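Note that UniProt numbering gives residue 40 to position 40 of the sequence shown, counting from 1, and the numbers run on in steps of one.
Worksheet: one structure, shown below.
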Amino acid sequence: MALRTLSALPGFSDSVFADRFNRIDKLFSQLTGDSPVSALPAYDLKKVDENNYLLNVSVPGWKEDELEIETVGGTLHISGKRAVNDSQDEQGWIYRGIRRSDFRLSFSLPEHAKVSNAKLESGLLEVTIYQDIPEHEKPRKIAIENSQKVIEHQAG
Numbered sequence: 001m002a003l004r005t006l007s008a009l010p011g012f013s014d015s016v017f018a019d020r021f022n023r024i025d026k027l028f029s030q031l032t033g034d035s036p037v038s039a040l041p042a043y044d045l046k047k048v049d050e051n052n053y054l055l056n057v058s059v060p061g062w063k064e065d066e067l068e069i070e071t072v073g074g075t076l077h078i079s080g081k082r083a084v085n086d087s088q089d090e091q092g093w094i095y096r097g098i099r100r101s102d103f104r105l106s107f108s109l110p111e112h113a114k115v116s117n118a119k120l121e122s123g124l125l126e127v128t129i130y131q132d133i134p135e136h137e138k139p140r141k142i143a144i145e146n147s148q149k150v151i152e153h154q155a156g
């Protein structure tokens, strides 16, 4: 079993790989106009039951007043904008790996879906989505009738 020791300084190979990945990611983002993968927070989406979904977004260090959740035309937008400037807190750091830049995530909501609840706890933003499909729009099975007539044969 290999043991890995933790150090205050990241390993040379780790930092070189991460730096190269971030540069390539930013280059492709500039070409396509999309946000870099590294700029977006990680998230999990879970279907709880037939009508409920749970979206968890990893936002360590963010405060409630720095996050905004809105729905516009069937799209859910989650954005984060820092309220304070971290420039005075820049001194003394050996390594900073926690993202502190503004972000915006967008999700296309299914028809009849509504955000029912949102809470921020332990660095996770939990958004509850409820999909209320009207009864007349739910799928239903239609029975197929047998139209063949049965002809009885009589012995004569």
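Note that CB positions come from ideal geometry on N, CA and C, so glycine has one too.
Predicted model only: the values in this text are computed from it and were never measured.
By the Cβ neighbour-count rule, Leu55 is buried, with 16 or more other Cβ atoms within 10 Å of its own.
The residue from Gln91, Ile129, Gly97, Leu76 with its alpha-carbon nearest to that of Arg104 is Leu76.
Beta-bridge partners of Gly123 (DSSP): none assigned.
Fewer than three pairs of CB atoms, one per stretch, sit closer than 8 angstroms, so the segment 98–116 makes no contact with the segment 138–147. Pairing Gln91 with Pro110 gives a Cβ-Cβ distance that is not under 8 angstroms. By the neighbour-count criterion, in which 16 or more other beta carbons inside 10 Å mark a residue as buried, Trp93 falls on the exposed side. Sequence-distant partners of Val59 (beyond 5 residues in either direction) whose C-beta falls short of 8 angstroms from its own C-beta, in its chain, are Pro41, Leu67, Gly80, Leu120, Gly123, Leu124, Leu125. Each residue's CA atom was taken as its position, placing Lys138 and His112 some 12 angstroms apart.
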